[in-house]
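Visitor: Mind having a look at this structure? Questions to follow.
Residue numbers (the working numbering), protein chains in the order written: chain A, 2 to 274; chain Z, 134 to 495.
The following block contains the structure:
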């Protein structure tokens, strides 16, 4: 398909992932987590459990602690107290960002963050799990297996035709999909996706919903989103955050009639449609 | 073709290598075998000036590697250049032997003048060429590694890092100015006599040094070009454009930065080591903050993130400097400042960017 992925020789080192033990059905545990910024409790005694293969939406007003929560899970912010476990055995608070990423947690930023001067293929190659040690980096070639993985992800995110184009000239929606594709190249168990449909057209939103739904099952997917229509179209389970803690959890239909939720989040009425 | 793909696709680089091959052969011929009264004869002075430009060009390539491809704006790279130069200068000092003014077989003149009785421990070994050549790589590399290790691990970046690199070279300048440091203080190291037994003033020696500079630049360029074409090169670009993205993809950003910064410092050290025997002196002025800033301007003028642009910028700006400081010495600094402003405003991608734009519209 392209020069970049036409090499069949070369040796990509696969990094052995420590296996994540999720046999209790829970992939991610946050327990009694608290973070304070200059006296302000951004996260206040938060407990949250994400099931293996679950698609979970997290909603909440601005300042509810959604992004801070992602920062804690991915190692960017250290909580003052609490426990964060990936599966039964992996203590995420002992790991830094690259180690957590290699463990199998992928994070998509709110603003699409792809490497614009590189092609779509090169972006995916960059994100590929394994080969992140120095020896694997000193090569310009791809193995056949790596080539297949990239082709499979390209198809999944619908960018097969765009493989050789520079990421910088992609449309906004395509950049978002490319970034999701980059997460998939990491072979993550858990995907954290921050506002994937902000700025998307309705058609792009539908495709994104389809993409995220297709990922659940093989992966656990946590989506932070403001767009209520989008949340309704994808989520089985919704968690409402408010002032750094879980306000309510359940199906969106049930939450919509929860008076507490309506008051803090949907109270304005026009925010919810 | 026998050339690897990463080189074949680099048209500007092939042009550069061809030019280097032509001057690498042509300059010695025009100097050694064309009679001095012939109009095409190149004087030893011209050869030395060209060799100096090549050393500057290698320094510029080293800066472009970290700045253009990884976004680290080092304003202290001349420090690594100067350290490489001092290491080789120490060898040249030891080669003087009894021919110094005071005729001491071991101590360089400035140590006799300071009434030192014996050679400081850190001067031992520099009477051996291989050791000095090795140290010209190790000392800049080690400093860059230690500096990078602390700075990048603490996630110092952007303008703060630039300021610290500037402080680093300034601190080294002040230290090297002190006589007690044992590097000749203010005067630095000079009055060199010979290198590996050959007179440093002989035409043939100058030609060999010139050819070595051509080879060093070509080798440095090829190394950097290859590096940026590997996966590691793409990781560098990812770090430049979105450090967080790289980190959350699982890359140890600080390790990559430290590695490339160290490599870049070693290249700068090589450039400095070749520079000193050609110009015949190294003094603490080489650590002056302005030198590092000038080198960054060369890269900006040529076009950062292109490697070839760094070479073109270094040669052109230095040619202009040689000419201007001869014709109108007092306006050089204004011209340099004006050039930087003009390039930043009008040619953000430098001369190479201008050429590429012309080609794209043609």
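For each residue, glycine too, the CB sits at the ideal point set by N, CA and C.
Here the structure is a predicted model, which is why all the values come from computation and not from measurement.
May I ask you to check if the CB of residue 455/Z is nearer than 7 Å to at least one heavy atom of the ligand HEM?
Guide: Absence of the ligand HEM is noted for the structure shown, with no ligands found whatsoever.
Visitor: Given that residue 375/Z touches chain A, what residues does it touch there, using C-beta distances under 7 Å?
Guide: Neighbours of residue 375/Z on chain A, chain order: 114, 116.
Visitor: Let me confirm a value: residue 332/Z is counted as buried when at least 16 other C-beta atoms fall within 10 Å, else exposed. Which label applies?
Guide: With fewer than 16 other Cβ atoms within 10 Å, it is exposed.
Visitor: Since residue 103/A meets chain Z, which of its residues come closer than 7 Å, beta carbon to beta carbon?
Guide: Those within 7 Å of residue 103/A in chain Z are 383.
Visitor: So for residue 228/Z, helix, strand or coil by DSSP?
Guide: In this structure, residue 228/Z counts as helix in the three-state DSSP scheme.
Visitor: From the beta carbon of residue 476/Z, is the nearest beta carbon of chain A less than 8 Å away?
Guide: Chain A, which has no Cβ nearer than 8 Å to the Cβ of residue 476/Z, makes this no.
Visitor: Hey, could you find the ends of the alpha helix (DSSP H) residue 240/A is sitting in?
Guide: Unbroken run through residue 240/A is the beta strand (DSSP E), 238-243; no alpha helix (DSSP H).
Visitor: What's the call for residue 270/A, buried or exposed, on a 16-neighbour Cβ count within 10 Å?
Guide: With a pLDDT of 46 at residue 270/A, under the threshold of 50, the modelled position of that residue is not reliable, and no figure is offered here.
Visitor: Going by beta carbon distance, what residues of the same chain come within less than 8 Å of residue 124/Z, once the five residues before and after it are set aside?
Guide: Chain Z is shown from 134 up to 495; residue 124/Z falls before or after that span and cannot be answered.
Visitor: What residue ranges within the stretch 322-398 of chain Z form continuous alpha helix (DSSP H) runs of no fewer than 4 residues, ordered along the chain?
Guide: Taking only runs of at least 4 residues, the alpha helix (DSSP H) segments lying wholly in the stretch 322-398 of chain Z are 336-362, 364-374, 376-381.
Visitor: In the DSSP output, what is residue 109/A paired with across the bridge?
Guide: 194/A, per the DSSP bridge assignment.
Visitor: Mind checking if residue 272/A is an interface residue toward chain Z, Cβ cutoff 8 Å exclusive?
Guide: Summary for residue 272/A: the model assigns pLDDT 44, below 50, so the residue's position carries little reliability; its value from the coordinates is reported in the next sentence. No, because no Cβ of chain Z sits closer than 8 Å to the Cβ of residue 272/A.
Visitor: What are the residues that DSSP puts in a beta bridge with residue 249/A?
Guide: Answer is 241/A.
Visitor: Residue 126/A versus chain Z: which residues are under 8 Å apart at the beta carbon?
Guide: By Cβ distance, chain Z contributes 364, 367.
Visitor: Pick helix, strand or coil for residue 116/A, following the three-state DSSP scheme.
Guide: Residue state, collapsed to three classes: coil.
Visitor: Can you list, in chain order, the residues of its chain with a C-beta nearer than 7 Å to that of residue 3/A? Leave out the 5 residues immediately preceding and following it.
Guide: Low confidence applies here, because residue 3/A scores a pLDDT of 34, under 50, leaving its location unreliable; read the following figure in that light. Excluding residues within five positions, the ones whose Cβ falls inside 7 Å are 122, 164, 165.
Visitor: Just how far apart, CA to CA, sit residue 397/Z and residue 192/A?
Guide: Rounded to the nearest angstrom, the two C-alpha atoms are 37 Å apart.
Visitor: Residue 123/A lies in the alpha helix (DSSP H); which residues open and close that run?
Guide: Its alpha helix (DSSP H) spans residues 121-128.
Visitor: Quick check on residue 31/A - is its C-beta less than 8 Å from some C-beta in chain Z?
Guide: It does not; no Cβ of chain Z falls within 8 Å.
Visitor: So, are the CB atoms of residue 125/A and residue 182/A less than 8 Å apart?
Guide: Against a cut-off of 8 Å, the Cβ pair of residue 182/A and residue 125/A comes out as a contact.
Visitor: Is the CB-CB distance between residue 169/A and residue 205/A below 8 Å?
Guide: No.
Visitor: Please go through the same chain and pick out, in chain order, the residues whose beta-carbon is closer than 7 Å to the beta-carbon of residue 49/A, but skip the five residues on each side of it.
Guide: Once the five neighbours on either side are set aside, the close Cβ partners of residue 49/A are 31, 240, 247.
Visitor: By the criterion of Cβ-Cβ separation under 7 Å, what are the contact partners of residue 99/A in chain Z?
Guide: Ordered by position in chain Z, the residues that pass the 7 Å Cβ test against residue 99/A are 380, 383, 384, 385.
Visitor: With a CB to CB cut of under 8 Å and the five nearest residues on each side skipped, what residues in its chain are close to residue 33/A?
Guide: Within the same chain, residue 33/A has close Cβ partners 46, 47, 48, 82, 83, 84.
Visitor: If you reduce the DSSP assignment to three classes, tell me which class residue 259/Z lands in.
Guide: Residue 259/Z: coil per DSSP, three-state reduction.
Visitor: Alpha carbons only, please: which of 188/A, 161/A, 186/A is nearest the one belonging to residue 175/A?
Guide: That would be 161/A, whose Cα lies nearest to the Cα of residue 175/A.
Visitor: How would you call residue 293/Z, buried or exposed, if buried means at least 16 neighbouring beta carbons within 10 angstroms?
Guide: Exposed, because fewer than 16 other Cβ atoms sit within 10 Å of the Cβ of residue 293/Z.
Visitor: Compute the Euclidean distance between the alpha carbons of residue 165/Z and residue 152/Z, then round it to the nearest angstrom.
Guide: Roughly 20 Å between the two C-alpha positions.
Visitor: Measure from the alpha carbon of residue 90/A to the alpha carbon of each residue in 212/A, 23/A, 232/A, then state which is nearest.
Guide: For the residues 212/A, 23/A, 232/A, the minimum Cα distance to residue 90/A belongs to 23/A.
Visitor: Please compile the residues from chain Z whose C-beta is within a distance smaller than 9 Å of the C-beta of residue 183/A.
Guide: Within 9 Å Cβ-Cβ: 378, 382.
Visitor: Please confirm whether residue 205/Z and residue 381/Z have their CB atoms less than 8 Å apart.
Guide: Contact: no.
Visitor: Relative to the C-alpha of residue 115/A, which candidate in 152/A, 171/A, 97/A has its C-alpha closest?
Guide: For the residues 152/A, 171/A, 97/A, the minimum Cα distance to residue 115/A belongs to 171/A.
Visitor: Please report the Cβ distance between residue 71/A and residue 195/A, rounded to the nearest whole angstrom; I am assuming they are in contact, meaning their Cβ atoms lie under 8 Å.
Guide: Correct: roughly 6 Å between the Cβ atoms.
Visitor: Any beta-carbon of chain A closer than 8 Å to the one on residue 441/Z?
Guide: No, no contact with chain A.
Visitor: With a threshold of 8 Å between beta-carbons, can residue 9/A be considered close to chain Z, or not?
Guide: Caution is warranted here: a pLDDT of 30 is assigned to residue 9/A, below 50, making its placement in the model unreliable, and the coordinate value is therefore given only provisionally. Chain Z, which has no Cβ nearer than 8 Å to the Cβ of residue 9/A, makes this no.
Visitor: Using only the alpha-carbon positions, how far apart do residue 400/Z and residue 59/A sit?
Guide: Cα to Cα, residue 400/Z sits roughly 50 Å from residue 59/A.
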